[in-house]
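Worksheet: one structure, shown below.
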Amino acid sequence: MQSTKSHHISIPLIFYLITILHHQVHHSHAQTETQNNNTGYTCSNTNQTNYPCQAYAFYRATSPDFLDLASIGDLFSVSRLMISNPSNISSPSSSLVPDQPLFIPLTCGCNTINNTFGAISYANISYNIKLNDTFFLVSTINYQNLTTFPSVEVVNPSLVPTNLTIGESVIFPIFCKCPEKNNMTQVNNYMISYVVQPSDNISSIASRFGSQEQSIRDVNGNDFQVYDPIFVPVTQLPILSQPSVVPSPPPTTTPTSENSNDDRTGTVRGLAIGLGVTGFLLILVTGLWVYREVLLKDRVWLVRDEEEQKKQNMYMGGKEGKGNKQRDLNLMANVSDCLDKYRVFGIDELLEATDGFDESCLIQGSVYKGEIDGEVYAIKKMKWNAYEELKILQKVNHGNMVKLEGFCIDEEETNCYLVYEYVENGSLYSWLHEDHKENLNWKTRLRIAIDIANGLQYIHEHTRPRVVHKDIKSSNILLDSNMRAKIANFGLAKSGMNAITMHIVGTQGYIAPEYLADGVVSTKMDVFSFGVVLLELVSGKEAIDEKGNLLWVSALKTFEVDDEQEKGRRLKEWLDKEILRETCSMESLMGVLDIGIACLNKEPSKRPSIMDIVYALCKSEYTGFDISYDGIDSPGVIAR
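For the sequence shown, the positions run -30 to -1, 1 to 610 when mature numbering (1 follows the signal peptide of the UniProt record, and there is no 0) is used.
Below is the structure:
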């Protein structure tokens, strides 16, 4: 019996090893053949009229990790919708089949590496290292030879390829190219990055993409090999032919007459072994499931027995419970993971702290100020819909996030209360748009912007899965006693990337266009909202005025000029008058404005990452307060 079991288990193991070996042989061959051009494709940084541009990569869905648009979208830092639209896929949530063709949108740039390599044309894609990853494996298997491991080493000079840390962020340069704009014979709108396959020839590639053979030769020359990345110029994206249904496995071939009896006997024996082992596994799984259900049932009853008295005293202040016991148990089950992490307040404590939630204790919305045991808290009152917010708040612990101290469940009214640290100076909105503006100098505003960006970087880059706040606005930014900013209100937050929703929520004036139009949820929507907050900090204007005009639309129209002097003149007119009373660097002001404008790009992939934003803001802070006596007429200084 042991030998039979061992034989059976070895069958999928052998297939797995063969598959891995197949990948390794082909991909090793791929990057060996491209050694002549393995560090990338050069471009000219002297004339940037062609760069950056919209490009596309031809990519094939692969088993087991990349058979859905969400995982492929995460790999290339784009949304599912951004892949499904150009790829002729009707539903972004559709599952894929192996080798299904896709077009991945790329923002192609001409990036200076160093004096040795000059500038290379590629799309900047961030990838977080996982267990057993190497530059070679990720570039060949995950990115399917759209880049090479030597180019990854060149672009990441500070990283040691043999000493990578799990979770470490690495730039994988996906090769791309922008079309020449001075080509008068044919206008090519896009370049498609394509990896040559063994069955390809120049004619088949041209036919696949609706391009011309000579156009492909003009861009790539004649000397390209199998598994080389090449660029296919097209006037428009071709319509990819997609499978309407998942294809069935290929039929088994008919055995030859002389071996048919032996093969049939072997097949029957194999089926018998397979069915026997499958039956054993089914019985085992069923037994484990029954055991789990019995164990969970015992735990539920134990929770009910042990928590019943605790709930009566803790949540009702000693009163007799009047709600349905089963409903109470369900409420407790939803927050059972939080019991050891947060203080559980009694409803009587909160009622006493807020004078029965009197309006005199109201801060804003449904948030009240209350004092318990000499400590001041902000108490958020809500109906029972706090589970998602609690789940996300368990992940975040950062100095630029408002800290959750505890919670309370009022079983009689079916209310939940979240108890936060009290942030003394209230919201950024009140300081900018009510009575405190004169106390917000440029240094303070810039520090606030950096604090917000640091908080966003934490939830975007250091939580797994990533968290999207979805409601970044000046009223959700709170200022402590030292005027340091903290992000508040995770009521709309979402875990995970590239989700699609039909339920659009948020605040007018801050909502990203792709979310409003298509329901696309990604970290880039937070970047857009942050760009609006930056405009508020610079201008002192509200995100939407009394006439319904959007601040970000006004900013794009105002600063849509190439002349830097004219842009500086318009900036002085547009600035908050309180800033004009200071002495600070025009370079710093213009830098923050440019960051804000970049965040507002209607194409999410073209918005900067939050990491780039933090770096740029810190640079603006460094250059913002050089003392100068050139006077207000100097282009580099705003003076009193």
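Virtual Cβ for every residue (Gly too), placed ideally from N, Cα, C.
- Message: Quick check: residue 93 and residue 78, are their CB atoms within less than 9 Å of each other?
- Response: Here the question's residue 93 lines up with position 123 in the sequence shown. Here the question's residue 78 lines up with position 108 in the sequence shown. Cβ distance < 9 Å, so residue 93 and residue 78 count as in contact.
- Please go through the same chain and pick out, in chain order, the residues whose beta-carbon is closer than 6 Å to the beta-carbon of residue 125, but skip the five residues on each side of it. Along the sequence shown, one-based indexing puts residue 125 at 155. Correct list, in chain order: 141 and 143.
- Query: Taking Cβ to Cβ, would you say residue 552 is nearer than 9 Å to residue 411?
  - Reply: By 1-based counting over the sequence shown, the position of residue 552 is 582. By 1-based counting over the sequence shown, the position of residue 411 is 441. For residue 552 and residue 411, yes; Cβs fall inside 9 Å.
- Item | Inter-residue CB distance, residue 348 and residue 337 (contact presumed, cutoff 8 Å) | The count along the sequence shown starts at 1 and reaches residue 348 at position 378. The count along the sequence shown starts at 1 and reaches residue 337 at position 367. Right, their Cβ atoms sit about 5 Å apart.
- Query: Could you give the uninterrupted runs of the beta strand (DSSP E) lying entirely in the stretch 422 to 457, keeping only those of 3 residues or more?
  - Reply: 447 to 449 and 455 to 457
- Message: If you follow the alpha helix (DSSP H) that residue 52 is in, where does it begin and where does it stop?
- Response: Numbered from 1 along the sequence shown, position 82 holds the residue referred to as residue 52. Per DSSP, residue 52 belongs to the alpha helix (DSSP H) from 50 to 54.
- Pick out the complete alpha helix (DSSP H) segments inside the stretch 534 to 577, 4 residues or longer, and give them in chain order. 534 to 544, 547 to 550 and 556 to 569
- Task: Given a cut-off of 9 Å, decide if residue 482 and residue 498 are closer than it, judged by their beta-carbon atoms.
- Result: Mapped onto the sequence shown, residue 498 falls at position 528. Mapped onto the sequence shown, residue 482 falls at position 512. Taking the C-beta atoms as reference points, residue 482 is found nearer than 9 Å to residue 498.
- Task: Just the C-alpha distance for residue 570 and residue 440, rounded to the nearest angstrom, thanks.
- Result: One-based indexing of the sequence shown puts residue 570 at position 600. One-based indexing of the sequence shown puts residue 440 at position 470. Residue 570 and residue 440: Cα-Cα distance of roughly 15 Å.
- Residue of 555, 548, 533 and 563 minimising C-alpha distance to residue 521: If you number the sequence shown from 1, residue 521 lands on position 551. Taking only the C-alpha atoms, the option nearest residue 521 is 563.
- Task: Round the Cβ separation of residue 584 and residue 496 to the nearest angstrom and send it over; I've been treating them as touching at under 8 Å.
- Result: Residue numbering aside, residue 584 sits at position 614 when the sequence shown is read from its first letter. Residue numbering aside, residue 496 sits at position 526 when the sequence shown is read from its first letter. Actually they do not touch by this definition, with Cβ atoms about 13 Å apart.
- Collapsed DSSP secondary structure at residue 109 in the structure displayed: Here the question's residue 109 lines up with position 139 in the sequence shown. Looking at residue 109 - three-state DSSP - the assignment turns out to be helix.
- In chain order, which continuous runs of the beta strand (DSSP E) of length 3 or greater are located wholly inside the stretch 333 to 374? 337 to 342 and 345 to 353
- Message: I'd like the span of the beta strand (DSSP E) that includes residue 27, first residue to last.
- Response: The residue you call residue 27 lines up with position 57 of the sequence shown. Counting along the chain, the beta strand (DSSP E) containing residue 27 begins and ends at 23 to 30.
- Straight-line gap, residue 486 to residue 538 (C-alpha atoms, nearest Å): Within the sequence shown, numbered from 1, the residue matching residue 486 stands at position 516. Within the sequence shown, numbered from 1, the residue matching residue 538 stands at position 568. The straight-line gap from Cα to Cα measures roughly 32 Å.
- Message: Please state whether the Cβ-Cβ distance between residue 200 and residue 189 is less than 9 Å.
- Response: Position 230 of the sequence shown, counted from the start, is the residue given in the question as residue 200. Position 219 of the sequence shown, counted from the start, is the residue given in the question as residue 189. Yes, they are a contact pair.
- Task: In the DSSP assignment, find the beta strand (DSSP E) that holds residue 88 and state where it starts and stops.
- Result: Along the sequence shown, one-based indexing puts residue 88 at 118. Taken as a continuous stretch (DSSP letters only), the beta strand (DSSP E) holding residue 88 covers 88 to 98.
- Query: Do you know how far the Cα of residue 366 is from the Cα of residue 427?
  - Reply: Stepping through the sequence shown from its first residue, residue 427 is reached at position 457. Stepping through the sequence shown from its first residue, residue 366 is reached at position 396. If you take the alpha carbons of residue 427 and residue 366, they lie about 12 Å apart.
- Message: I'd like the span of the alpha helix (DSSP H) that includes residue 116, first residue to last.
- Response: Stepping through the sequence shown from its first residue, residue 116 is reached at position 146. Premise fails: residue 116 is in no alpha helix (DSSP H) and is neither H nor E.
- Task: Under 7 Å Cβ to Cβ from residue 101, same chain only, skipping five residues before and after it: list those, please.
- Result: As a working note, residue 101 is residue 131 in the sequence shown. Within the same chain, residue 101 has close Cβ partners 136.
- Query: Does the stretch 410 to 424 touch the stretch 380 to 391, meaning 3 or more C-beta pairs lie closer than 8 Å?
  - Reply: No, the stretch 380 to 391 is not in contact with the stretch 410 to 424.
- Just to confirm, are residue 566 and residue 589 a CB contact at a threshold of 9 Å? Numbered from its first residue, the sequence shown carries residue 566 at position 596. Numbered from its first residue, the sequence shown carries residue 589 at position 619. The Cβ atoms of residue 566 and residue 589 lie no closer than 9 Å to each other.
- Can you grab the Cα-Cα spacing for the pair residue 511 / residue 333, in whole Å? In the sequence shown, residue 511 corresponds to position 541, counting from 1. In the sequence shown, residue 333 corresponds to position 363, counting from 1. In a straight line, the C-alpha of residue 511 is about 23 Å away from that of residue 333.
- Could you say which of 31, 550 and 446 lies nearest to residue 503 if we only look at CA atoms? For the purposes of this step, residue 503 is taken as the residue at position 533 of the sequence shown. Looking at the Cα atoms, 446 is the closest of the given residues.
- Would you report the Cα separation of residue 27 and residue 391, rounded to the nearest angstrom? Reading the sequence shown from its first residue, position 57 is the one you call residue 27. Reading the sequence shown from its first residue, position 421 is the one you call residue 391. Cα to Cα, the separation comes out at about 48 Å.
- Message: Just list the residues that DSSP pairs residue 82 with in beta bridges.
- Response: Position 112 of the sequence shown, counting from 1, holds the residue named residue 82. Its beta-bridge partners are 89.
- DSSP three-state assignment for residue 145, whether helix, strand or coil: Locating residue 145 in the sequence shown gives position 175, counting from the first residue. Residue 145: strand per DSSP, three-state reduction.
- Quick one: what does DSSP say residue 590 is sitting in, helix, strand or coil? Counted from its first residue, the sequence shown places residue 590 at position 620. DSSP places residue 590 in helix when its eight states are reduced to three.
- Among 361, 541 and 582, the one whose alpha carbon lies nearest that of residue 465: Counting from 1 along the sequence shown, the entry for residue 465 is found at position 495. Nearest of 361, 541 and 582 to residue 465, Cα basis: 361.
- Task: Along the beta strand (DSSP E) that carries residue 203, what are the first and last residues, could you check?
- Result: The residue labelled residue 203 in the question sits at position 233 within the sequence shown. Residues 199 to 204.
- Item | DSSP three-state assignment for residue 218, whether helix, strand or coil | As a working note, residue 218 is residue 248 in the sequence shown. Low local confidence applies: a pLDDT of 43 at residue 218 is under 50, so the model's placement there is unreliable, and no value is given.
- Query: Is it right to say residue 325 is buried, meaning 16 or more other beta carbons lie within 10 angstroms of its own, or is it exposed?
  - Reply: On the sequence shown, position 355 is the one that residue 325 refers to. Residue 325 should be labelled exposed.
- Item | DSSP state of residue 11 mapped onto helix, strand, coil | Against the sequence shown, residue 11 aligns to sequence position 41. Residue state, collapsed to three classes: coil.
- Query: Are the stretch 64 to 77 and the stretch 118 to 134 touching, with three or more C-beta to C-beta distances below 8 Å?
  - Reply: no
- Of the choices 514, 550, 535 and 431, whose alpha-carbon is the least far from that of residue 582? Along the sequence shown, one-based indexing puts residue 582 at 612. Nearest option by C-alpha distance: 431.
- Task: Confirm, please, whether the CB-CB distance from residue 112 to residue 138 is below 9 Å.
- Result: Translated into the one-based positions of the sequence shown, residue 138 becomes position 168. Translated into the one-based positions of the sequence shown, residue 112 becomes position 142. Cβ distance not < 9 Å, so residue 138 and residue 112 don't count as in contact.
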